[in-house]
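Peer 1: Chains as they are written, first to last, in UniProt numbering: chain A, 1 to 214; chain B, 1 to 214; chain C, 1 to 214; chain D, 1 to 214.
The C-beta atom is built at its ideal place from N, Cα and C for all residues, glycine as well.
There are 4 protein chains.
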Amino acid sequence: MDRMSVSTPNRPMSSRREATRKRLFEAAVTLISEQGYGATSVDEIAERAGVAKGTVYYNFGGKSELYTALMEWGVTRLADTLRDAVPSAETDPGRALVAVLRAGVEFIGEHEALARLLMAETWRTHQVWYTTIRHIRTKAIGVVIELLDALAEAGRLRPDLDTGLAGSALFGMVVTVALDWRTLQPDRPVEEIHATLTHMVDGFLGTTVSPMDP
Amino acid sequence: MDRMSVSTPNRPMSSRREATRKRLFEAAVTLISEQGYGATSVDEIAERAGVAKGTVYYNFGGKSELYTALMEWGVTRLADTLRDAVPSAETDPGRALVAVLRAGVEFIGEHEALARLLMAETWRTHQVWYTTIRHIRTKAIGVVIELLDALAEAGRLRPDLDTGLAGSALFGMVVTVALDWRTLQPDRPVEEIHATLTHMVDGFLGTTVSPMDP
Amino acid sequence: MDRMSVSTPNRPMSSRREATRKRLFEAAVTLISEQGYGATSVDEIAERAGVAKGTVYYNFGGKSELYTALMEWGVTRLADTLRDAVPSAETDPGRALVAVLRAGVEFIGEHEALARLLMAETWRTHQVWYTTIRHIRTKAIGVVIELLDALAEAGRLRPDLDTGLAGSALFGMVVTVALDWRTLQPDRPVEEIHATLTHMVDGFLGTTVSPMDP
Amino acid sequence: MDRMSVSTPNRPMSSRREATRKRLFEAAVTLISEQGYGATSVDEIAERAGVAKGTVYYNFGGKSELYTALMEWGVTRLADTLRDAVPSAETDPGRALVAVLRAGVEFIGEHEALARLLMAETWRTHQVWYTTIRHIRTKAIGVVIELLDALAEAGRLRPDLDTGLAGSALFGMVVTVALDWRTLQPDRPVEEIHATLTHMVDGFLGTTVSPMDP
DNA sequence: CATGAATGAGCCTTCATTCAT
DNA sequence: AATGAATGAAGGCTCATTCAT
């Protein structure tokens, strides 16, 4: 794919090249999240990035490779966000769960285009990126499921709850609410969104762990 | 859109023609839900439907009109499902809500392709079908919000809950869980999916309304 | 390749379509024989044939398929020519050989573009058409080799002669002379070319079989 | 063409540079003979030569200039071969002709890629290298024609033979047989190829001059 | 002397659409 | 009511060439 990696595998990428790639990433996320992959042309992406069309091919090898690289770039950001969501001092899985959900909302607020793009492609099982996207999703939901399992072990959840499905449910809830927020009421403060989600999870957790309580 | 309706408005559609349209609908939902609108060609749709390409244009006028007709066809089905979800004898909004969520899961189980297609297009704000899709979504979420409002009025929800956001959350939860079920564990009985969702909503509703309880 | 063959395999090709294909063939042979495959664009071919570019793809599926079809179209013509070269009354293999060589010269005179095109591609072993071209060549040389074998059996050739190599030699001789004739002295009558070739073969055949002798 | 020769005409080419040029020549002949000029990219040539793409431009100025230089490099080798083919002591034109044909076969055996490349381009009259190639061909055939003229003057050929056409015929015969040998039976010793050609020419020369005879 | 990142013209190909039959 | 041959605009991709380093 990447020519440089073939001919001189271990040379670090030149800073000029790295800057070009970043500009292309930023142009691509926005356009694709708005219009979709198929409706976004390479011409458009290159123009918005301020480079020639050939540069896309020089740097990524093709449109679909750019898209794949984009998603990997995105997953790195998501992983970073989730990793830092739970304070290392936090030992209560309930509080940790609330912190993770909050981090999810904030991630979507900050990387809205990326989130839209991932969600839009999530349900097409026959796309070439299906595996990549499923991987990202699994990783994110996995963090939630682990916390649910910890809660279950602590006897704080109904013992017959399917934590896999529940994780998927919480994930869907957070993403949907967050994107609806960005779409319909982008001016509302993130606190209000987070408070609503916490309310809903509170009941489910059987006990009040809301960070809004004193 | 429909040429015949222009030239001979009151003649009923011939059964031959109606059969052709139905075959095209079925071919289109499947292909588009799998590959996306942009990646599905009129050629493909016509071939799968077993008709010539020109027939698509004769019957619908174009690719995007076929897609629009498809979504309208889908929304009719969704409306029917939701309308029939709550037994007319049911007066408790909690039980009604659970019934609606169950209907949602079952709808997705039965019209998986349609659901995928709608979800995939939901988050692209710059598409020409954005309005149509938003309308469908608003309608479906509206049913949920109404019940949440009824619950709030009955004092069964925290008074400060934003029922609009909560409706969106429940919608996202149901759709995500249901599609994950179809994607990853299609053989599980719908009962298990429904039970999990009910568990999660139970706590939120503050009282047990699960249909599984005696 | 051919869409029609997929959907309705046994329907005869429409005469309109057949006419279009023929025009494309004629445009393509000329242009490719002059400029080469790589230097001839589909645009050029379509324009010379007086059709739209898409028509090439509708009829052949692609540039390389057009080229392959072209060569098969050509080989049919060559086969016809060689089949009719030897009068059915002719029983002497020497006279038959001379008749075949003459037919070869005449074929090249009449289908010069096709001959150039085949010769130019003959020596590139890594092309996708290598097999097709080799097949054509083998077929043509095969006719010569059979006659040489008959002559050998009749004791009219040195017994240690490798008729395979000799066939290749005669083939190369005829093609080279004929194309040089078309290139450098196109106004010379075909008789003079044929006479020269016959002179050269006469000696080799060990006996005079020239058709110019009484 | 050569930048250095413009700026510092009399400085000998550095050995580093000369080595680079040679590697590029060798990469180019092979690739172009296999795939053709149009299907061989500068990238490919540079990669096979183990240099960066820019180096091709630094050394030759462009792709077509590299190709031209390649052919000139080839013609030098062919000229050398033919010049040395006839022992200076040889005065019999028949024996000299056989020696020249043998030299041709050996040249092709040793410079197969170059020979393929020249042959493939020989018949496209509209290429920019047409003149260069015709020149090489004329030079090679000229050697043969001169010997044929000598034989004719000595009364050893039919007086009405067109030695120009006959030279072309012998040239085509040798090249075709030699390349078929390399393509289909590369393991056969060159002697067998040469013997067959000599047999064929013997009859034509009217007298036995085969080098295999004692 | 050599490099490799960037360029953009030109190409092959796809595909929604038209229309004569 | 349906067909399929033809179209041409649009898009992805290749590649010879340039140039700053």
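Quick one: is residue 155/B near chain A, going by C-beta distance under 9 Å?
Peer 2: The residue given as residue 155/B occupies position 155 in the second sequence. Chain A contact via Cβ: absent.
Peer 1: 9 Å is my cut-off, CB to CB: does residue 64/C come that close to chain D?
Peer 2: Numbered from 1 along the third sequence, position 64 holds the residue referred to as residue 64/C. Answer no: the Cβ-Cβ gap between residue 64/C and chain D never drops below 9 Å.
Peer 1: Might you give, ordered along the chain, the residues of its own chain that have their beta carbon closer than 6 Å to the beta carbon of residue 99/D, omitting 5 neighbours on each side?
Peer 2: Numbered from 1 along the fourth sequence, position 99 holds the residue referred to as residue 99/D. Closer than 6 Å at Cβ, skipping near neighbours: 85 and 86.
Peer 1: Between the stretch 122-148 of chain D and chain C, which residues of the former have CB atoms less than 8 Å from a CB of the latter, in chain order?
Peer 2: Those would be 122, 123, 124, 125, 126 and 127, in chain order.
Peer 1: Return helix, strand or coil for residue 65/D, following the three-state DSSP convention.
Peer 2: Translated into positions along the fourth sequence, residue 65/D becomes position 65. Correct three-state label for residue 65/D: helix.
Peer 1: If you compare alpha carbons, which of 123/B, 95/B, 137/B and 44/B is closest to residue 72/B?
Peer 2: What you label residue 72/B is simply residue 72 of the second sequence in a count that begins at 1. Minimum Cα distance to residue 72/B is reached at 137/B.
Peer 1: Which parts of the stretch 60-123 of chain A are runs of the alpha helix (DSSP H), unbroken and 4 residues or longer, counting only runs that do not cross its ends?
Peer 2: 63-83, 93-110 and 112-122
Peer 1: How would you list, in chain order, the residues of chain A whose beta-carbon sits under 8 Å from the beta-carbon of residue 158/B?
Peer 2: Position 158 of the second sequence, counting from 1, holds the residue named residue 158/B. The contacting residues are 199.
Peer 1: Would you identify the three-state DSSP class for residue 149/D, choosing helix, strand or coil?
Peer 2: Your numbering for residue 149/D matches position 149 in the fourth sequence. Residue state, collapsed to three classes: helix.
Peer 1: At the level of alpha carbons, what is the spacing between residue 53/D and residue 41/D?
Peer 2: Taking the first residue of the fourth sequence as position 1, residue 53/D is located at position 53. Taking the first residue of the fourth sequence as position 1, residue 41/D is located at position 41. Here the alpha carbons of residue 41/D and residue 53/D stand approximately 10 Å from one another.
Peer 1: Please list the partners that residue 193/C has in chain D, where partner means a Cβ-to-Cβ separation under 8 Å.
Peer 2: Mapped onto the third sequence, residue 193/C falls at position 193. Residues of chain D passing the Cβ test: 165.
Peer 1: Using a C-beta to C-beta distance shorter than 9 Å, which residues of chain B count as neighbours of residue 151/A?
Peer 2: Your numbering for residue 151/A matches position 151 in the first sequence. In chain order: nothing, as chain B lies at least about 12 Å away.
Peer 1: Who are the Cβ neighbours of residue 82/C in its own chain at under 7 Å, not counting the five residues just before and after it?
Peer 2: In the third sequence, the residue the question calls residue 82/C occupies position 82. For residue 82/C, where only same-chain residues beyond five positions count, the Cβ hits under 7 Å are 100, 103, 140 and 143.
Peer 1: Can you check the stretch 144-201 of chain D for any alpha helix (DSSP H) of at least 4 residues that lies completely inside it and give the ranges in chain order?
Peer 2: 163-184
Peer 1: Between residue 21/B and the rest of its own chain, which residues show a CB-CB distance below 7 Å, the 5 nearest in sequence each way excluded?
Peer 2: Here residue 21/B corresponds to residue number 21 of the second sequence, with the count starting at 1. If we look at residue 21/B and ignore the five residues flanking it on each side, its Cβ neighbours are 59.
Peer 1: Run through chain B and tell me which residues come within less than 9 Å of residue 71/A, C-beta to C-beta.
Peer 2: Translated into positions along the first sequence, residue 71/A becomes position 71. By Cβ distance, chain B contributes nothing, its closest Cβ being about 15 Å from residue 71/A, past 9 Å.
Peer 1: Hey, could you find the ends of the alpha helix (DSSP H) residue 127/D is sitting in?
Peer 2: The sequence position of residue 127/D within the fourth sequence is 127, counting from 1. First-last for residue 127/D: undefined, no H or E at that position.
Peer 1: With a threshold of 6 Å on Cβ separation, who are the neighbours of residue 113/B within its own chain once the five nearest residues in sequence on each side are excluded?
Peer 2: By 1-based counting over the second sequence, the position of residue 113/B is 113. Only 29, 30 and 33 meet the Cβ criterion.
Peer 1: State the DSSP-derived secondary structure class of residue 51/B, mapped to helix, strand or coil.
Peer 2: As a first step, residue 51/B is located in the second sequence; it is residue number 51 there, counting from the start. Of the three classes helix, strand and coil, the one that applies to residue 51/B here is coil, per DSSP.
Peer 1: Based on Cα-Cα distance, which residue from 14/C, 164/C and 124/C lies nearest to residue 147/C?
Peer 2: Within the third sequence, residue 147/C is the residue found at index 147, counting from 1. Of 14/C, 164/C and 124/C, the residue nearest in Cα terms is 164/C.
Peer 1: Report the neighbours of residue 180/D on chain C: residues whose CB is nearer than 7 Å to its CB, in chain order.
Peer 2: Here residue 180/D refers to the residue found at position 180 of the fourth sequence. By Cβ distance, chain C contributes 168.
Peer 1: Using a Cβ cut-off of 8 Å, pull out every chain D residue sitting near residue 196/C, in sequence order please.
Peer 2: Position 196 of the third sequence, counted from the start, is the residue given in the question as residue 196/C. Near residue 196/C (Cβ distances below 8 Å), the residues of chain D are 161, 162, 165, 166 and 169.
Peer 1: To the nearest angstrom, how far is it from the Cα of residue 13/C to the Cα of residue 19/C?
Peer 2: The sequence position of residue 13/C within the third sequence is 13, counting from 1. The sequence position of residue 19/C within the third sequence is 19, counting from 1. Each residue's Cα considered, the two are about 10 Å apart.
Peer 1: My guess is that residue 154/B and residue 93/B are in contact by the Cβ rule of under 8 Å, so how many angstroms apart are they, rounded?
Peer 2: If you number the second sequence from 1, residue 154/B lands on position 154. If you number the second sequence from 1, residue 93/B lands on position 93. The Cβ separation is near 7 Å, so the contact holds.
Peer 1: Identify the contact partners of residue 177/B in chain A, using a Cβ-Cβ distance below 8 Å as the criterion.
Peer 2: The residue you call residue 177/B lines up with position 177 of the second sequence. Residues of chain A passing the Cβ test: 165, 168, 169 and 172.
Peer 1: With 9 Å as the threshold, decide whether the Cβ of residue 33/D is near any Cβ in chain C.
Peer 2: On the fourth sequence, position 33 is the one that residue 33/D refers to. Yes, contact with chain C.
Peer 1: Buried or exposed for residue 89/A, going by 16 or more other Cβ atoms inside 10 Å?
Peer 2: Working through the first sequence from its first residue, we reach residue 89/A at position 89. With fewer than 16 other Cβ atoms within 10 Å, it is exposed.
Peer 1: Step through the CB atoms of chain B and report whether any lies within less than 9 Å of the CB of residue 68/A.
Peer 2: Residue mapping note: residue 68/A aligns to position 68 of the first sequence, counting from 1. With 9 Å as the cut-off, residue 68/A does not count as an interface residue toward chain B.
Peer 1: Do residue 197/C and residue 151/C have their C-beta atoms closer together than 9 Å?
Peer 2: As a first step, residue 197/C must be located in the third sequence, where it is residue number 197. As a first step, residue 151/C must be located in the third sequence, where it is residue number 151. No, Cβ-Cβ distance for residue 197/C and residue 151/C is not below 9 Å.
Peer 1: When you compare the CB of residue 202/C with every CB in chain D, is at least one pair closer than 9 Å?
Peer 2: As a working mapping, residue 202/C is identified with position 202 in the third sequence. Yes, its Cβ sits closer than 9 Å to a Cβ of chain D.
Peer 1: Taking only the alpha-carbon atoms, compute the straight-line gap between residue 119/D and residue 117/C and give it to the nearest angstrom.
Peer 2: Mapped onto the fourth sequence, residue 119/D falls at position 119. Mapped onto the third sequence, residue 117/C falls at position 117. Taking the straight line from one Cα to the other gives about 12 Å.
Peer 1: Given that residue 119/D touches chain C, what residues does it touch there, using C-beta distances under 9 Å?
Peer 2: Here residue 119/D refers to the residue found at position 119 when the fourth sequence is read from its first residue. Within chain C, the residues near residue 119/D are 119, 120, 122 and 123.
Peer 1: With burial defined as no fewer than 16 other Cβ atoms inside 10 Å of the residue's Cβ, what is the status of residue 281/C: buried or exposed?
Peer 2: The requested residue 281/C is not part of the displayed model; chain C covers only 1 to 214.
Peer 1: Against residue 223/C, what residues of chain D qualify as contacts under a CB-to-CB distance less than 7 Å, listed in chain order?
Peer 2: With chain C covering only 1 through 214, there is no way to say anything about residue 223/C.
Peer 1: DSSP three-state call for residue 14/D: helix, strand or coil?
Peer 2: As a working mapping, residue 14/D is identified with position 14 in the fourth sequence. Looking at residue 14/D - three-state DSSP - the assignment turns out to be coil, as it is neither helix nor strand.
Peer 1: In three-state DSSP terms, what is residue 40/C?
Peer 2: The residue labelled residue 40/C in the question sits at position 40 within the third sequence. It is coil, neither helix nor strand.
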